[in-house]
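Below: the structure, in structure tokens.
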Amino acid sequence: MGYTRVIKLLLLCCVFTFMTTGCWDRKELNEISLISGIAIDKGENKKYKLSAETVNITELSPKTKGGETPSVVYTQEGDTISELVQKMNTGLSRKLILSHMSVVVISEEIAKSSLMEFLDYMDRYREVRNDFNLVVAKGVKAEEILTVLYPFQKISTLKLKVQLNTLQDEWGGDPDVRLKDFIQALVSKGRSPVAVALTVSGTKHIQNSTDIMKHPIPPSLITVPGMAVFDKEKLVGYLPLEGVRVYLWTQNKLRHTSLSVPCSKDKYINVFVYNSSTNVKARGKNDVPHIQLNIKVETILDGTQCGADLSKHSSYVDYERKAADFIRAEVLATIKKVQKDFGTDIFGFGDHMHLQDPAYFHKVSDRWQEAFKKANIEVKVDARIRRSGLDTKSFLQQLPPR
Amino acid sequence: MRTDFVEKISLSQFFLMIVIFQLGTAIVIGLGQSAKQDAWISVGIATIYGVLLIFAYCFMLSLLPGKGFYELLKIAYGSLLSRILSYFYVLYFLYIAARVTRDFCELLTTAIYPKTPIEIISLSLALMCCYFLYQGIEVIGRSTEILFPYSAAFLILLVIFLFINRSFHSENLRPVLEFGWGPVFQAVFPSMLGFPFGEIVALTTVMVAVTRQDYLTKVGISAVAAAGTILMIFTMINVSVLGVDMIDRVEFPLLSTIRDISIAKFIERLDALVVFVMMLGIWLKVCVFLFAALKGMESITLIPYRNFVFPIGLLVSSISVFIAANFAEHIEEGLVAVPLYLHIPFQIGIPLVTTVILLIKVRRRKGEKKHEGLDNVVQSEN
Amino acid sequence: MRDLTTWFKAKIRQKQIREERIYSYHSSTEGDKHIHSEVEINKQEIRSIFGNTADLHTIGIRVQGREGMLSYLSSTIDLQMVNQIFMEPLSDLDGTESEIDNDEELERYMQTSFSGKKYVMASTLNQLTWLILSGYVVVCLDGMTRAVALYCPQKSQRAIEEPTTQTVIKGPKEGFTESAEQSITLIRKRIKNPKLRFEPFQLGTETHTSIYLAYIEGIINPAILQEVRKRIQSIHTNAVFDSGMIEEFITDKTMTPFPLVFNTERPDTTAANLISGKAMIIVDGSPFVLSMPATLNDFFQISEDYYQPFMMATFIRFIRYIAFLIALIMPAAYVAIITYHHELLPTPLMISIMAQRESIPFPAVVEVLIMEFTFEILREAGIRMPRAVGMTVSVVGGLVIGQAAVEAGIISSIMVIIVALTAIASFVSPVYSFSMAARLLRFGLVILAASLGLYGVMLGLFFMVGHLNSLRSFGIPYLSPMAPFILEDQKDVILRLPVFSMKKRPTSNQPADVIKQPNAHSPTPPQKEGT
């Protein structure tokens, strides 16, 4: 027994050595600083210019805030993002962690000159998570996006995250692209990536001030103009906001949206889509891809300017037909535009083809982009209006004749 | 050394041990990536092989009931040759134990502790396993029983979360058999034969301790089948969540799968937790391999194995650090050299030959008994 | 290394020798003299044995012309009872002719005049001493070589009150008192069964405390009973004041924070334990009754579980297990996540915690340890202080220190929440001695968490599970119905199924008689139409 006792003693010593010398990866919370977002521009001398927005944490807590700037943005140039992140302390005080990053802004310049290799670092680095928004700064420098403050979430990037999520949820204006999706689209033979585009509207000189938060009409605001379209890693153009909605429709990702459907000249009915599902069928016929989109939407009638009698089934049917036509026209127009202008399959029809007609896809997989341009697109829309709000008849019907 | 009672493990413990043993590292590292979206078919084929294998092992042990694996070697090959074979088995088991330790260390240092020296992690893991081995196989069996529900609950929860998160994209699993059966079988042979199913060979040393030997084969087969099914399901889940391209790219598929979960902006970032759930499998594997090695040393030296526990544990932790200079070397070794030169002889070759020899010997002995039956009776009367 | 080993061995041997010497001194039987026929000499002897202690009374009497002596310790006997049942018959005899000439006649006389009373005939001085000590009144008569001792014990005991540490809302409110006899009464009141046995033992070479081993013959596993007996008999101690002192002597392993012997001060719990095939040890002078073998889940159950609807009982039991886990790992998990795994926290929570910790000068571990220690000090002070002050100290002290520390910016407010939750959770365990385990292990886990993060916590928990699995209580594995897993017992471990479904006793105690209530069935109210 004596022998085991000695062993136990030695083990105890071992354990205590562990404990006292441990803590290699320890990071106390007041020694670190969260990076809430980064912006990547093209460097003037080096390959990249990285701007990181770090959070001034005391300003975000209602108990400790004191009117200082809620975030600090620091910019540096270098050849790899990894090095730049580690080197940020040339200007900033604390250790930076990337795990709570919510937005990565890529400048137009970077995207156009296909310098997307830094995504490898993002994909590989354990601290970077898959829950941030990948955005393209349209017409402005990427770092400018980080410096527009907002009174609610204070920090521009946190505001952006909330803004984009809400936009996607309520209207369908954000393609909901995460890092993983982006890379998936890059490597897939039958798809090209997209990313939401952002721009700064309003006067730019006032951006850097916390005063921006004191105006009821913000002098400067980040807005979503649409979506950036990539041909693999190269930015080739933008689609407007309606294009984003069509994109979501093709991806079966649209949650809610609102449509203004013309019912007669300069008169519209307003339809709120609360449920939508899309089924894509892809077939290769005579060496031409045939894509069929079956879109089913369930809607609520939110308003009408035409004033039909909505207690009658026939007016529902009429409106449903009009809404379906409208959707079909919008979807077709956007897809045609992408085929004609960009010639890159952002909708992932190639992936569908791969699943549904693998034999054909294997034939064209190397020149899918060409095939996509010639693709025959067919859209079938089944729109249903289920109910029409609190009124049946419109008061427009009851107006006394003039 | 406690000699006053024999350590036993129950059938349910044995069942859980096999299941967790099989899932252990396989669920973390992922199987059959080269078969792309058909990886699950490869796993299914490998499961059939695993079932056959455990049936064979149980058959071998049932030839001479109550005898452990090393005793069988002794009976089959005689004292000297069996001693040499046992030595090699001890080395083999130690090496595999070190590999498993290394797998876990790589996972931890990659995913959570980039700055912590790998030595510390492997040493602490090895010490923990030593503690359990010192307490005996009974405690290991019971601890498996206690810890299993937690990791099972976690895995089930995980699937539910993935479901709620709408992470499943069943189209990732199609088209089935896009490139025919070729890649599927290529994924199975030879790498999936040795790992994870072939590693059951270590469990042969544990099987003697099971209380009800008559159910051994049945329980063993159903456990391997269950483990195979779970592996198949998780291979499908990984592919359907991550997609073929990403599966091909990532080091630890399940970890990446879990990074996908984000529910209500609150249930997210679970990957660090998963690592610790995986600890159960790693712990059991290291324990069983070490136990197999220690039992071998016991049979060679005739010294109770508890005397070797701590030195061997420390040895394994250092081997695990030395076996490979980097992760790529570690994985390459595991995929290229180990299956061919270690797994096949130790998992299939030697046991097969042993079984044949034992069969002959047992037959002959039975025959002798019939012949000498009368003589024996006479002798016993005298 | 060899030197160290021999040193250890020598050390142990020395200790053994010392102990043997002490025990041999106390159990020596020298001077066991017979009672002298002259009363005066006996008187001298007794006086010299007790050394003129104030409560020793030796009163001269005359019985039927014979000189005699009445001897007792006024502290152990009931004087009124002595007067009533003892002096009257004796004085009745006064004046009549002498009938008591020898010891046989004395005994016959005792039988007739004190029939029904408990008396003992003593022949040696040692016996006499012992009888006097345990509440007997001793009568020596001139010319007799044997003395009569009549049992007139003092009944000064606490009234039966509600138990203080194991309280229930719904259920019997009686609790054991310090008197073993009363405890036995309370148990017997609940189990009217001739198979219920109380085996007397005497422990303590200096205190001679009586203890009783209670069990139900035919239910308890004979092997376990024999083991308990053996362990009680092998106790060599000089004093026993509480059952806790026995516990350390009979437990399977002392190097463990987990109690391997269950204790209760509730008669209904005791009765339930007896019926499920356990042995109980009642110690005179202690309201806590020991129960063995004990398994981990015993410490999460209380008799009230069986007095309320089963769904409620299951839910509450579940809460207890969760609370134990919280008490065990909450501070450790907090430290680990805060210092190692920031990515586990959702961003808003992260920001909120960071803002709180911004101005804290300590690392998170130190903060946790400071608060935990403070809490433990407050708790101890709250118990030890006079009851009137105690509550104030524990509650107000906690609040004030917590509040002040937060406002001074030394401690973050989330830390106070964590410590408070941990503390409350550790109170949930129905058995006080069990919450100790969580309290002790918590510190170990916190340190592990601080040095290796969640991996450290997991290592600690694995060690704990291994340790728990290596424990046995009187041969029964400590985690018994869970590992080794016994399906039948699961009706009453984490779940508490309706009582009628439990037709068998828990087999984890390996009772001799497994069947409990074979004919139990669910209530069958008249059925409604159409069902």
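So the sequence lines, in the order shown, correspond to chains A, B and C. Residue numbering for the first sequence follows my numbering, starting at 30 and increasing by one per position. Residue numbering for the second sequence follows my numbering, starting at 5 and increasing by one per position. Residue numbering for the third sequence follows my numbering, starting at 933 and increasing by one per position. Glycine residues also receive a C-beta, built at the ideal position from the N, C-alpha and C atoms. Small disclaimer: the values here were computed from a predicted structure and weren't measured.
Checklist entry - So, is the C-beta of E1275 (chain C) closer than 8 Å to a C-beta in chain B? => result yes
### Message
At the 8 Å Cβ level, is G1314 (chain C) part of the contact set with chain B, yes or no?
### Response
no
For W53 (chain A), the nearest candidate out of C:Q1449, C:L1384 and C:M1434 (CA to CA) = C:L1384
#### Entry: Alpha-carbon to alpha-carbon, Q1059 (chain C) and T1139 (chain C)
16 Å
query: Taking Cβ positions, are A68 (chain A) and I241 (chain A) nearer each other than 8 Å?
result: no
**Asked** Does the separation of the CB atoms of I327 (chain B) and G198 (chain B) fall below 8 Å?
**Response** no
Worksheet item: The alpha helix (DSSP H) spanning E112 (chain A) covers which residue range?
Response: I110 to K116
Under a three-way DSSP split, which group does M1001 (chain C) fall into? strand
When the cut-off is 8 Å and only beta carbons count, does G886 (chain C) lie next to chain B? The question about residue 886 (chain C) has no answer, for chain C in this structure spans 933 to 1463.
Residues bridged to T83 (chain A) (per DSSP):
A:I64 and A:V101
Cβ of I1302 (chain C) less than 8 Å from any chain A Cβ?
no
### Message
Mapping the DSSP letters down to three states, classify R1078 (chain C) as helix, strand or coil.
### Response
coil
Note to self: Suppose the cutoff is 8 Å on Cβ atoms and the five residues either side in sequence are ignored; what does the same chain contact list for I241 (chain B) look like?
What the structure shows: V163, L166, F172 and T261
*Alpha carbon of N59 (chain A) to alpha carbon of F161 (chain A), nearest angstrom*: 24 Å
Check: If you run the structure through DSSP and keep just helix, strand and coil, what is H1166 (chain C)?
Finding: Note that residue 1166 (chain C) is Ser in the sequence shown, not His. S1166 (chain C): coil per DSSP, three-state reduction.
Worksheet entry | Contacts around S86 (chain B), its chain only, beta-carbon distance under 6 Å, and the 5 residues preceding and following it disregarded | L77 and K78
Margin query: Going by C-alpha to C-alpha distance, which of C:V1298, C:M1224 and C:I1064 sits closest to L1380 (chain C)?
Written below: C:V1298
DSSP three-state label for S324 (chain B), please. helix
I want to verify the contact list: residues of chain C whose CB lies under 9 Å from the CB of L112 (chain B), in sequence order. Y1387
Inset, instruction - Could you work out which residues of chain C lie near E156 (chain A), taking near to mean beta carbons separated by less than 8 Å? - result: E1275
Can the beta-carbon of P343 (chain B) be found less than 8 Å from the beta-carbon of S195 (chain B)?
-> yes
Below 7 Å on C-beta distance, what does I1285 (chain C) contact in chain A? L58
Partners in chain C for Q388 (chain B), counting only beta-carbon separations shorter than 9 Å
Because chain B here runs from 5 to 386, residue 388 (chain B) falls outside it and cannot be looked at.
Check your understanding: Going by beta carbon distance, what residues of the same chain come within less than 8 Å of H958 (chain C), once the five residues before and after it are set aside?
Key -> Because H958 (chain C) sits at a pLDDT of 43, beneath the cut-off of 50, its placement in the model cannot be relied upon, and the following sentence gives the value as read from the coordinates. Cβ within range, chain order: T1137, E1138 and N1170.
Start and end residues, beta strand (DSSP E) containing V258 (chain A): S249 to D260
Which one or two residues does DSSP pair with I126 (chain A) in a beta bridge?
A:L63
Does DSSP put M1434 (chain C) in a helix, in a strand, or in coil? coil
Check: If you compare alpha carbons, which of A:L330, A:D370, A:V326 and A:K365 is closest to D411 (chain A)?
Finding: A:V326
**Asked** Are the C-beta of S324 (chain B) and some C-beta of chain C separated by less than 8 Å?
**Response** no
Pull up the CB-CB distance for A1091 (chain C) and L1063 (chain C), whole angstroms please, since I reckon it's below 8 Å. Rounded, the Cβ-Cβ distance is 28 Å, inconsistent with contact.
Among C:F1294, C:V1321, C:E1197 and C:V1351, which one has its Cα closest to the Cα of A1265 (chain C)?
C:V1351
Note to self: Looking at K56 (chain A): is its Cβ nearer than 8 Å to the Cβ of T1227 (chain C)?
What the structure shows: no
Contact criterion: CB-CB distance below 8 Å. Does E75 (chain B) meet it with respect to chain C?
no
Contact list for W185 (chain B) against chain C, beta-carbon separation under 8 Å:
Going along chain C, no residue has its Cβ under 8 Å from W185 (chain B), so there is no contact; the nearest lies around 42 Å.
Determine, using beta carbons only, whether D54 (chain A) comes closer than 8 Å to chain C. yes
* State the DSSP-derived secondary structure class of S956 (chain C), mapped to helix, strand or coil. => Any answer about S956 (chain C) is weak, because its pLDDT of 45 lies below 50 and its placement is not dependable; what the coordinates show is given next. It is helical.
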